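Enquirer:
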Amino acid sequence: MTSTTREPIGRVAVLIPTYNERENLPRIVSRLRTSVPDADLVILDDNSPDGTGDVADTLAAADPRIRVLHREGKEGLGRAYLAGFALAMDEGYDAAVEIDADGSHQPEQLPALLAALHDADLVIGARWVRGGAVRNWPARRKALSVGANAYTKVLLGMRVNDATAGFRAYRTSALRAMDLEGVESQGYCFQIDLTLRAVRAGLTVVEVPITFVEREVGVSKMGKDIVREALTNVTRWGLEYRTGQARSLAQRALGRPVEPTLGAERQR
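Taking this note's numbering, I'd label the letters of the sequence shown as residues 1 to 268.
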């Protein structure tokens, strides 16, 4: 792959979506302030009924590098992150980070993701690569995640091992190239959708091993609807991709000009 000169990463916005995370939020904020003291934290609260928004306001009042984006209601993870991306792009940040508020993504590992971003457009904190790990997950949950990623990798022709991972760092220049206006996915599917858009835009995607730790406080937001959405959309995208491949092969066999297929060029 041809080397690309990228601008240095200066301003970083760490996006923290919240819904009923009042107990976890102060802990994750404290760890982030220690791990990435020069980054700005943007809390994206979906009008949490447990008062998370008030906790966020208190934290922001005590720290000028913390701000809160209050949203009208629970619209899902994808919509929250899209709002955060828009803010990061509009305000001239060089990078935007996705991180969960529940502590499953360890802030102490964020500097490694940001370091890898110097040679990439998107860095994924990956569980299912050499050096990656998951703690405190039941076998069924682990099998679901491994299976979902294997299905996604094969069907979409991507070389990404953990496309469902939610601990990520994007260059804002990459976000601008990814046609985010068409994103409607949520949950697992949102992460797959953005990975696919990055690949299709010819961006460089790098995976850095992390250790994922299951939350100790609160309730997971993942439900059957999220899994169903991911399965449905990935299957549809995969059929479109494989149909395009078959069409290209047929055109080659007939000696006709081949239309470009959307594949996984420029991944690492």
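Don't be surprised by glycine CBs; every beta carbon is placed ideally from N, CA and C.
Note that the coordinates shown come from a computational prediction; the quantities given were computed from them, not determined experimentally.
Report the rounded CA-to-CA distance for Asn20 versus Leu114, giving the unit in angstroms.
Expert: 28 angstroms
Enquirer: Which residues in the same chain have their Cβ closer than 8 angstroms to the Cβ of Arg27, if we skip the five residues on either side of it in sequence?
Expert: Gly103
Enquirer: Taking contact to mean at least 3 C-beta pairs separated by less than 8 angstroms, is the region 88–102 in contact with the region 168–182?
Expert: Taking a cut-off of 8 angstroms for Cβ pairs, the region 88–102 and the region 168–182 touch, as three or more such pairs fall below it.
Enquirer: Kindly indicate if chain C contains any beta-carbon less than 8 angstroms away from that of Ala39.
Expert: This model lacks chain C altogether; it includes just one protein chain.
Enquirer: Tell me the DSSP secondary structure of Pro17 in three-state form.
Expert: strand
Enquirer: By the three-class DSSP mapping on this structure, what secondary structure does Gly131 have?
Expert: coil
Enquirer: Helix, strand or coil for His70? Go by DSSP, reduced to three states.
Expert: Strand.
Enquirer: Is it a yes or a no for the region 38–49 touching the region 10–18, going by three-plus beta-carbon pairs under 8 angstroms?
Expert: The region 38–49, when compared against the region 10–18, does touch it at the 8 angstroms Cβ threshold.
Enquirer: Would you tell me roughly how many angstroms separate the C-alpha atoms of Met158 and Ser145, rounded to the nearest one?
Expert: 16 angstroms
Enquirer: Since Gly166 contacts Asp225 with CB under 8 angstroms, what's their CB separation in whole angstroms?
Expert: At roughly 17 angstroms, the Cβ-Cβ gap does not stay under 8 angstroms, so Gly166 and Asp225 are not in contact.
Enquirer: Hey, is the region 119–138 in contact with the region 202–216, meaning 3+ C-beta pairs nearer than 8 angstroms?
Expert: Counting Cβ pairs under 8 angstroms, three or more are found: they touch.
Enquirer: State buried or exposed for Thr152, treating a residue as buried only when at least 16 other CB atoms are found within 10 Å of its CB.
Expert: buried
Enquirer: Please return the same chain residues whose Cβ sits closer than 6 angstroms to the Cβ of Phe85, not counting the five positions on each side in sequence.
Expert: Ala96 and Leu175
Enquirer: Going along the chain, which unbroken runs of the beta strand (DSSP E) with 3 or more residues stay wholly within the region 181–234?
Expert: 205–209 and 211–213
Enquirer: Around the Cβ of Asn136, are there at least 16 other Cβ atoms within 10 angstroms (buried) or fewer (exposed)?
Expert: exposed
Enquirer: Assuming Asp40 and Val14 make a contact with CB atoms under 8 angstroms, what is their CB distance in whole Å?
Expert: 7 angstroms
Enquirer: Find the nearest neighbour of Ala198 within the set Glu214, Asp179 and Gly187, judged by alpha-carbon distance.
Expert: Asp179
Enquirer: Considering Leu254, what are the terminal residues of the beta strand (DSSP E) in which it resides?
Expert: Taken as a continuous stretch (DSSP letters only), Leu254 belongs to no beta strand (DSSP E), as it is neither H nor E.
Enquirer: Note the first and the last residue of the continuous beta strand (DSSP E) segment covering Arg22.
Expert: No beta strand (DSSP E) holds Arg22; DSSP gives it neither H nor E.
Enquirer: Flag this pair as yes or no: are the beta carbons of Leu87 and Val55 separated by less than 8 angstroms?
Expert: no
Enquirer: Between which two residues does the beta strand (DSSP E) harbouring Tyr93 extend?
Expert: It is not in any beta strand (DSSP E) - Tyr93 carries neither H nor E in the DSSP assignment.
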